[in-house]
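Those protein sequence lines, which keep their order, are chains Y and Z.
My numbering applies: residue 1 is where the first sequence begins, and numbers increase by one.
My numbering applies: residue 576 is where the second sequence begins, and numbers increase by one.
In what follows, a structure is listed as C-alpha cells, so that the remarks can point back to it.
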Amino acid sequence: MAKSTPVKKAWRSLSWLGAIVIVLLGALTAGVIWSNATWLPKLALDLQGGTQIILAPQVENGQTVQQQQLDQAVSIIRQRIDASGVSEAEISTEGSKNIVVSIPGTPDQQTLDRIKASAKLDFRPVLLAGGPTNEVVGADGKSTPAPTPAPGLQSTPSTKPTNGSDLAWITPALQAKFDAFSCASDAAKSTGVAPADKPLITCDDGGTVKYLLGPVEVKGQDIKDATSGLTSSSSGVTTGQWGVNIIFNDEGTKSFATVTTRLNGLKGAQNQFAIVLDGKVISAPTTNAVITDGKPQITGNFTQDTAKTLADQLKFGALPFSFQVQSQDTISATLGSSQLLSGLIAGLIGLILVAIYTLFQYRLLGFVTIISLIVAAALTYLSIALLSWHYGYRLSLAGVAGLIVAIGFTADSFIVYFERIRDELRDGRGLESAVEAGWKRAQRTIYASKATNLLAAIVLYVLAAANVRGFAFTLGLTTIIDVLVVLLFTHPVLQLLAKTKFFNSGNAWSGLDPQALGAVYRGAAQFRKPTAVSAGKAATAGKEAARRQTIAERKAAELASASASSDSKTGGKDS
Amino acid sequence: MASRLTKFGNDLYTGARSFDFVGKRKIWYAIAAVMIIASILIPVIKGGFNFSIEFRGGSQFQITNVDNTDTAKAQDALSSIVPRAVAHTTVVNGDGVRVQTDQLSEEQTRQVAAALAKAYEVPSTEVASTFIGPSWGADVTQQSIQGIVVFLLLAFIAMALYFRTWKMSAAAIVSLFHDLIITAGIYALVGFEVSPATMIGFLTILGYSLYDTVVVFDKVRENTKEEMELSRRTFGESVNLAVNQTLVRSINTAVVAVLPVASILFIGAFALGADTLRDISLALLIGIVVGTYSTIFLAAPMYSQFREGEAAVKKHDAKVLAIRPKAAKADSVAVAAE
Chain Y
1 MAKSTPVKKA WRSLSWLGAI VIVLLGALTA GVIWSNATWL PKLALDLQGG
51 TQIILAPQVE NGQTVQQQQL DQAVSIIRQR IDASGVSEAE ISTEGSKNIV
101 VSIPGTPDQQ TLDRIKASAK LDFRPVLLAG GPTNEVVGAD GKSTPAPTPA
151 PGLQSTPSTK PTNGSDLAWI TPALQAKFDA FSCASDAAKS TGVAPADKPL
201 ITCDDGGTVK YLLGPVEVKG QDIKDATSGL TSSSSGVTTG QWGVNIIFND
251 EGTKSFATVT TRLNGLKGAQ NQFAIVLDGK VISAPTTNAV ITDGKPQITG
301 NFTQDTAKTL ADQLKFGALP FSFQVQSQDT ISATLGSSQL LSGLIAGLIG
351 LILVAIYTLF QYRLLGFVTI ISLIVAAALT YLSIALLSWH YGYRLSLAGV
401 AGLIVAIGFT ADSFIVYFER IRDELRDGRG LESAVEAGWK RAQRTIYASK
451 ATNLLAAIVL YVLAAANVRG FAFTLGLTTI IDVLVVLLFT HPVLQLLAKT
501 KFFNSGNAWS GLDPQALGAV YRGAAQFRKP TAVSAGKAAT AGKEAARRQT
551 IAERKAAELA SASASSDSKT GGKDS
Chain Z
576 MASRLTKFGN DLYTGARSFD FVGKRKIWYA IAAVMIIASI LIPVIKGGFN
626 FSIEFRGGSQ FQITNVDNTD TAKAQDALSS IVPRAVAHTT VVNGDGVRVQ
676 TDQLSEEQTR QVAAALAKAY EVPSTEVAST FIGPSWGADV TQQSIQGIVV
726 FLLLAFIAMA LYFRTWKMSA AAIVSLFHDL IITAGIYALV GFEVSPATMI
776 GFLTILGYSL YDTVVVFDKV RENTKEEMEL SRRTFGESVN LAVNQTLVRS
826 INTAVVAVLP VASILFIGAF ALGADTLRDI SLALLIGIVV GTYSTIFLAA
876 PMYSQFREGE AAVKKHDAKV LAIRPKAAKA DSVAVAAE
C-alpha cells in the first residue's frame, strides 16, 4: 500500500460524495426525460402567483371537527379539484382547524365556488314529492300560488314519529311550507346546514321535483366506495345499462338494511329514498329490494357520464361539514416573480460577501469554504428539485429565506473545523496530524450543534403553520446537507491538501501557516521560542502542546525541551 | 503575515490576551437586566407591537406596475364599492400601491380589486388581494408558542444528555430567553410590522441561539473535562479560556451568518412586496447578533456560576488558589510583563 490511510479515506469519502451527486443527478435527469420532473424546482404560489384560500369548517352547533374528519376533507377537496381539471393544486391542513387550498394562477369563479361549496351527503327517506312550483291546483281547476304559511300553524308533530318514513313528521306548518316552496326561487336560498334529525324541504339538482324528506337515515361518510359500470343480470350477462354501485361500511350497511327493509314495504313516493348533497337531491331511487349486504346498486336512465358523475358525487361528496372562507389571498404573477428575484439577488449578494470575508480570513483555505458552499448548494438544488418532483414540494419565499440563512449556518461548520485545525497547529502539531486531530474535535461539536438545528427544524415543521413549514423544511434539509458536505467534502479535501507542499510547508497564503498562528512546536524536535508570550505562558502552552503530542513527537520534544528549559522557567500564572 | 484577527486568535488561544467574561459577570448580568427591562418597556411605551394585517384581520390589495401612484384613487375606488370603508394606502417602491382596509366580504373583495385595477389603469392581473379572517393570526401565534415550548423541552433534555449536566441546558435556555426578549424589544423599536414572517424569524433565533451556545459549550466541556485534574486554572478560568479560545470562531461565524441576512434585509427593505424577506431578516439580524453576544457574556458566566457551588469544583478551585501565590512569586517577571 503506497498510500497512507488518511489519503485513502479521503478518496473514499470523495467517491461517496461523487456517487451521491451522480445518483441524485441521474434520478433528476431520468425524471425530466421520462417523467414529468422539471429542472427547476416548483415554486409556491407566493413566488409564482396564485390563489390561496384558507377554509374554516362550519359544523352544526356544539360539534367539533376531528383531525380525521379534516384529513378526510382534504382528500375529498383534492379529488374534487383534480376532477375539475385544475392541476397542481395543493391542499393541506393548518393546525387542527383549517384547510389551506393553494391553486397556481388565477382560478375561475366556478372552480373557487366548487372548492368552497359545502358538501354534506346524506340519505333521507322521501315523505312527499311534488312539482317544482308553488302552484296548487284549486277546486276550479286553475293553478294559483299557494299562500305563504300562516304563522299560527302547528309545527311540532302531534304524535312522536316512530321512524324516518312516518308521515307524522308532516305537521300542518311543514305541509304549508312545502306547498309554498318553489324550486326556482326558494331552493337557491336554502343550501345551508340542515339539522340531521329534522325533515328537509328541497329540490333535485335540476329543479324539476320538490321533495319533503325525513331525517337523515344513512350518513354519506358511511359510503366506503362508489363506482359506475354496466349492470349485469343475475345470470351474469351484461344488460347494457349503466348503473352505480355503492359499498357501505359496517355502520352504513346496518342502517341501510334497516331503511330498505322499511321502504320496501311502502308505496309511492315513500318507497323512494333521496341522496342529498349540499341540500339538493342528486338522486332519489326507488327501493326494489331489502339490501342487507351493504352493496346496493342504483339503476335507471343512466348514461356512462351521468353514472360516473353520480358515483363520484357519492364517493367524494361525503364531507361531514361545510366551509367558510377565512382568508383568500391572490398574488399576481408579477409580484411573485419580483419576490423571487429579490430573494435570489439577496442570496447572491450574501454569498459573494461571505466569499470575500472567508478569503480575507482564511486566505486560500477560504476557497475550500467557497467550493464546499458550492457543493452544498448543488446538493440542495438537486434535493429540492427531486423533492418537488416526487413529493410535490414547492419552494416558497420563506423557503428561500431559509436557504439564504443556511449559507451562514453551513459556513459555520467550516469555520468551527478550521479554527480547530488552527488550534492544533498552535499547539505545535504538524499539518497532517493537526487536520486529523482538529477534525476529531470539530466533528463532535459540529454534530452536537447541527443536531440542535435539526431539532428546531423538525419541531417547527411538525408544529407550525403552513408558511413556517416551508422555512423549517429548507432549514432541516440544509442542515443535513451541511453535515454531509463537511464529512464527505471539506474534511477529505483538507486531508489531501495537507499532503501538498504548498499547505504542508505552511505557506503564508495557505491560511494554515504555523508561524503566523504562533505555533510553539515546529517540525521535528525544533522549538521556536515564542516572543510575544511571557515565559510563564509559554510554559503553560508548551505543556498543553506536550499533552496533545503523539508518542514520537513527545520523545522528540523531550529531547528538545532539555536544552530549551534553560530559557523557559516552569510554573506561572496564566490569566 | 498573520492577519490581525489571526494574531488576535493566537493570543486568545494561548491566554496571552484574555477577556474576563466569567470574572466580571456581575457587569454583564447588569447589562442584560437593563437590556431586558428596556426591551419590555419599549413596546409598552410605543403602544404595543405593530401587528400586520394577518393578525388584525382585514383586506389588503397590492397593485404593481402603477404609473400614477395617487393614493386618492384608491380611496375613491374603495368608496365606490363599500361607501364607508377607509383605505390605508401606502406607496411601495415607487410603482406599487398597497391598500389596506377593514375586512370585506369575498364579493366586495373581488369588486374592489376590479375597481382598483380600473382606477390605476393596470390589468386586473396586477392586483393582488388578500383577505384575512381575524382568527388566523391568533392560530399561528398559538401554534408557534406550542412549538417553542416543545422545542425548549426537547432541547433541554438533548443538551443535558450530551453535556452530561443539566446546568449547561439551564444556562443556554436562560440566555435564549434573553435573546428572544431583546430581539422583540429592538424589533418593536424599529417599528416594522409583526407579520407571520417575523414569527418565522423568531423561531429561527431559537435554533441559532442554542446552536451558537452549543458550539462554545462544547469547547468549555473539552477544557473543563480534559484538564480539570491537571489544570492550574480555577473552574471559572477554564470556562473563560474556552470562551476566549472560541472567540474568533464566534466573531467569524456571526459575521458570516449576518452577511447574507443583512443582504436580505437590504433588498427586502427596498424591493416591492418582499415584506416576508424584510421582516424575517430583521428579526434574524438582531437575533444573530444578540445570540452570539449572549453566549459569550451570559451563558458561559452563568454556567460557571452554576457549577462553582459544587463540592468537587470548590475543592479544585481552592487547591488551585492555594498554590497560586507561590507560583506567582517564582514568576514575578511574568506578572509584570502583563
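Ideal Cβ positions, reconstructed from N, Cα and C, are used throughout, including at glycine.
Segments of 4+ residues assigned as alpha helix (DSSP H) that fall wholly inside the stretch 859-891 of chain Z: 875-883
Candidates Z:S750, Z:I775 and Z:M877, of which the one nearest V864 (chain Z) by Cα: Z:S750
8 Å Cβ cutoff, E419 (chain Y) in contact with chain Z: yes
Short CB-CB distance (under 8 Å) between G350 (chain Y) and chain Z: yes
Outcome for A226 (chain Y) when other beta-carbon atoms lying within 10 angstroms are tallied against a minimum of 16: buried
Backbone secondary structure at T758 (chain Z) - three-state DSSP: helix
Per-residue burial, F630 (chain Z) [other beta carbons within 10 Å of its own, 16 or more giving buried]: buried
Segments assigned beta strand (DSSP E), at least 3 residues, entirely inside the stretch 312-361 of chain Y: 322-331
Which listed residue (Y:A180, Y:Q52 and Y:L365) has its alpha carbon closest to that of I421 (chain Y): Y:L365
As assigned by DSSP and simplified to three states, the class of A129 (chain Y): strand
Boundaries (first-last residue) of the alpha helix (DSSP H) holding D250 (chain Y): D250 to N264
Nonlocal neighbours in the same chain, by C-beta distance under 8 Å from D670 (chain Z), ignoring five residues either side: T639, N640, V641, D642, T644 and L847
Under 8 Å between C-beta atoms of I707 (chain Z) and S327 (chain Y): yes
Contacts around A187 (chain Y), its chain only, beta-carbon distance under 6 Å, and the 5 residues preceding and following it disregarded: Here the model assigns A187 (chain Y) a pLDDT of 49, short of 50, so the residue's position is not dependable, and the following value carries that caveat. Around A187 (chain Y): C203.
Interface partners of Q328 (chain Y) on chain Z, CB under 8 Å: E681, T684, S704, T705 and F706
CB contact below 8 Å: E701 (chain Z) versus chain Y: yes
Secondary structure of S593 (chain Z), DSSP reduced to three states: coil
Residues bridged to S276 (chain Y) (per DSSP): The sequence shown places Val at residue 276 (chain Y), not Ser. In DSSP, V276 (chain Y) forms a bridge with Y:D122 and Y:V281.
Boundaries of the alpha helix (DSSP H) in which R426 (chain Y) is found, first to last residue: L397 to R426
According to DSSP, residues forming a beta bridge with Q587 (chain Y): Look at the range of chain Y in this structure, 1 to 575, and you will see that residue 587 (chain Y) is not part of it.
Beta-carbon gap between P835 (chain Z) and I33 (chain Y) smaller than 8 Å: no
For A289 (chain Y) and T239 (chain Y), the rounded distance between their alpha carbons: 19 Å
Collapsed DSSP secondary structure at P104 (chain Y) in the structure displayed: strand
Chain Y contact residues for L781 (chain Z), given Cβ-Cβ distances below 8 Å: A456
8 Å CB neighbourhood of A27 (chain Y) in its chain, flanking five on each side removed: L386
Member of Z:G623, Z:L729 and Z:M743 whose CA lies at the smallest distance from the CA of Y878 (chain Z): Z:M743
Distance between beta carbons of L852 (chain Z) and A346 (chain Y), contact taken as under 8 Å: 7 Å
Counted within 10 angstroms of its Cβ, other Cβ atoms place N249 (chain Y) as buried (16 or more) or exposed: exposed
Near-chain Z residues of the stretch 387-408 of chain Y - C-beta to any C-beta below 9 Å: S396, L397, A398, V400, A401, G402, I404, V405, A406, I407 and G408
Sub-8 Å separation of L454 (chain Y) and L379 (chain Y) beta-carbons: no
Closer than 8 Å to chain Z by CB, Q270 (chain Y): no
Simplified DSSP assignment, three categories, for P57 (chain Y): strand
Selection of the stretch 817-829 of chain Z by Cβ proximity to chain Y, strictly under 8 Å: Q820, T821, V823, R824, N827 and T828
Exposed unless 16 or more other CB atoms sit within 10 angstroms - verdict on I898 (chain Z): exposed
Contacts of S838 (chain Z) in chain Y (Cβ-Cβ under 7 Å): A346, I349, G350 and L353
Chain-order list of residues whose beta-carbon lies under 8 Å from that of Q304 (chain Y) (same chain, five-residue window excluded): S228 and W242
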